[in-house]
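A.B. asks: Got a structure for you, written out below as structure tokens; questions coming shortly.
Chains as they are written, first to last, in the working numbering: chain U, 120 to 263; chain A, 59 to 229.
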């Protein structure tokens with residue numbers, strides 16, 4: 120897989136993440152769950168900036184940025200705040216995994232950007248009720 | 059899109075010990091100047107890089123051990139950090155000759171839980187910088203991915219400790 124392929128895969132994942140954050144935010148009441156609403160809004164903004172940056176990076180290496188799907192499947196029932204928070208934490212965990220794949224396939228400024236974003240997603244999981252892990256984004260290393 | 063599955067004990071060893079294997083690996087990174095080019099052979103300096111990260115991990119582990127000995131009440135709080143250090147060292151130390159693994163003098167931890175926790179926080183921040191640098195400098199893409207996961211873990215543990223009040227008791 121080339122760095123362009125990895126960038127496109129990361130961009131495709133960001134399209135799905137933005138869609139998911141949009142749904143999670145729409146199902147969160149700013150009045151009754153202000154902290155969660157604020158956390159989801161901040162996450163949405165970070166992923167939007169990430170998507171825009173990825174589009175530029177894809178063009179920089181001569182690619183045509185992959186477009187978003189019309190809609191994405193969301194797993195499970197997402198109605199209560201704990202479910203919404205958990206879904207966002209799972210999304211960030213998945214983002215770390217995708218970004219680590221980009222780290223492996225890139226170098227220089229692209230790798231540095233992917234590492235920074237992976238670290239942000241890992242730490243943001245704590246804001247979403249998650250805990251610190253030993254191998255975020257590399258679950259196979261947790262195996263004995 | 060998960061990365062290619064890696065086994066715990068072979069990842070780094072394969073990247074450092076078998077350069078020809080890694081040269082042929084389809085996930086090795088492109089050259090540094092272009093950001094997108096053909097795979098390159100990993101230069102031998104990755105061994106030095108891994109030794110540096112191992113030294114940083116050993117230093118950080120010593121600080122956690124000293125803090126726990128000095129303030130036993132912090133044991134529960136610091137056990138996850140110590141567990142992560144041990145797992146990270148297990149993966150990396152196999153790629154470093156025993157003679158290269160440092161044995162630092164036990165650090166001195168100031169009295170009081172707040173100061174002990176402060177020492178661990180600073181030590182983890184230093185470790186994060188070292189692991190990040192190693193990730194960015196690694197010639198092997200596999201190694202960079204392992205170090206990126208370590209950096210993410212270190213940042214998570216650091217953030218968890220930073221969220222605690224000065225006395226170290228979870229709010």
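Just so you know, even glycine gets a beta-carbon here, dropped at the ideal spot from N, CA and C.
Enumerated in chain order, which unbroken segments of the alpha helix (DSSP H) with a length of 4 residues or greater are wholly contained in the region 159-230 of chain U?
C.D. replies: Listed in chain order, the complete alpha helix (DSSP H) runs (minimum 4 residues) inside the region 159-230 of chain U are 200-224.
A.B. asks: Just the Cα atoms here: how many angstroms apart are residue 203 of chain A and residue 216 of chain U?
C.D. replies: Whole-angstrom Cα-Cα distance: 10 Å.
A.B. asks: Between the C-alpha atoms of residue 139 of chain A and residue 175 of chain U, what's the straight-line distance to the nearest angstrom?
C.D. replies: Looking at the two C-alpha atoms, the distance is approximately 37 Å.
A.B. asks: Using a Cβ-Cβ distance cut-off of 8 Å, determine whether residue 175 of chain A contacts chain U.
C.D. replies: Judged by the 8 Å Cβ criterion, residue 175 of chain A is not in contact with chain U.
A.B. asks: For residue 116 of chain A, go through chain U and note every residue whose CB falls closer than 7 Å to its CB, in chain order.
C.D. replies: Under the 7 Å cutoff, chain U gives no residues; its nearest Cβ is about 17 Å from residue 116 of chain A.
A.B. asks: Using a Cβ cut-off of 9 Å, which residues of the region 119-139 of chain A contact any Cβ in chain U, in chain order?
C.D. replies: For the region 119-139 of chain A, which is checked against every Cβ of chain U, the residues closer than 9 Å are 138, 139.
A.B. asks: Given a threshold of 16 other Cβ atoms within 10 Å of its Cβ, counted over all protein chains shown, does residue 139 of chain U qualify as buried or as exposed?
C.D. replies: Counting Cβ neighbours within 10 Å, residue 139 of chain U comes out buried, since at least 16 surround it.
A.B. asks: Name the residue from A/159, A/177, A/105 whose alpha carbon lies nearest to the alpha carbon of residue 126 of chain A.
C.D. replies: Taking only the C-alpha atoms, the option nearest residue 126 of chain A is A/177.
A.B. asks: Does any residue of chain A bring its CB to less than 8 Å from the CB of residue 215 of chain U?
C.D. replies: Closer than 8 Å to some Cβ of chain A, the Cβ of residue 215 of chain U qualifies, so yes.
A.B. asks: Any C-beta of chain U sitting closer than 8 Å to the C-beta of residue 206 of chain A?
C.D. replies: At least one chain U Cβ lies under 8 Å of residue 206 of chain A.
A.B. asks: Is the beta carbon of residue 247 of chain U less than 8 Å from the beta carbon of residue 220 of chain U?
C.D. replies: Against a cut-off of 8 Å, the Cβ pair of residue 220 of chain U and residue 247 of chain U comes out as no contact.
A.B. asks: Between residue 184 of chain U and the rest of its own chain, which residues show a CB-CB distance below 8 Å, the 5 nearest in sequence each way excluded?
C.D. replies: So the qualifying residues of the chain are 127, 130, 173, 174, 177, 178.
A.B. asks: Mind pulling the chain U residues with CB within less than 9 Å of residue 110 of chain A?
C.D. replies: The premise fails here: residue 110 of chain A is roughly 17 Å from chain U at the closest Cβ pair, so nothing lies under 9 Å.
A.B. asks: What residues from the region 248-261 of chain U come within 7 Å of chain A, judged by C-beta to C-beta, listed N to C?
C.D. replies: The residues in question are 251, 252, 253, 254, 255, 256, 257, 259, 260.
A.B. asks: Using 8 Å as the threshold, is the C-beta distance between residue 256 of chain U and residue 217 of chain A below it?
C.D. replies: No; because the gap between Cβ atoms is not below 8 Å, this pair is not in contact.
A.B. asks: Would you please state the rounded distance, in angstroms, between the beta carbons of residue 212 of chain A and residue 175 of chain A? I believe it to be under 8 Å.
C.D. replies: Not a contact, Cβ separation roughly 16 Å.
A.B. asks: Is the Cβ-Cβ distance between residue 155 of chain U and residue 147 of chain U less than 8 Å?
C.D. replies: In contact: residue 155 of chain U and residue 147 of chain U (Cβ atoms closer than 8 Å).
A.B. asks: Is it the case that the Cβ atoms of residue 224 of chain U and residue 135 of chain U are separated by a distance below 8 Å?
C.D. replies: Not in contact: residue 224 of chain U and residue 135 of chain U (Cβ atoms no closer than 8 Å).
A.B. asks: With burial defined as no fewer than 16 other Cβ atoms inside 10 Å of the residue's Cβ, what is the status of residue 198 of chain U: buried or exposed?
C.D. replies: Residue 198 of chain U should be labelled exposed.
A.B. asks: Within 7 Å: the Cβ of residue 197 of chain U and any heavy atom of the ligand GDP?
C.D. replies: Among the components modelled here there is no ligand, and therefore nothing to report on the ligand GDP.
A.B. asks: What is the rounded straight-line gap between the Cα of residue 161 of chain U and the Cα of residue 221 of chain A?
C.D. replies: Their Cα atoms are separated by approximately 18 Å.
A.B. asks: Note the first and the last residue of the continuous alpha helix (DSSP H) segment covering residue 203 of chain A.
C.D. replies: That run of the alpha helix (DSSP H) goes 199-220.
A.B. asks: Residue 154 of chain A versus chain U: which residues are under 9 Å apart at the beta carbon?
C.D. replies: The contacting residues do not exist; residue 154 of chain A stays about 17 Å from chain U at best.
A.B. asks: What is the residue span of the alpha helix (DSSP H) that residue 179 of chain A lies within?
C.D. replies: Taken as a continuous stretch (DSSP letters only), the alpha helix (DSSP H) holding residue 179 of chain A covers 171-195.
A.B. asks: I'd like the list of long-range same chain contacts for residue 122 of chain U, defined as Cβ closer than 7 Å, with 5 residues on each side in sequence excluded.
C.D. replies: Closer than 7 Å at Cβ, skipping near neighbours: 180, 224, 225, 229.
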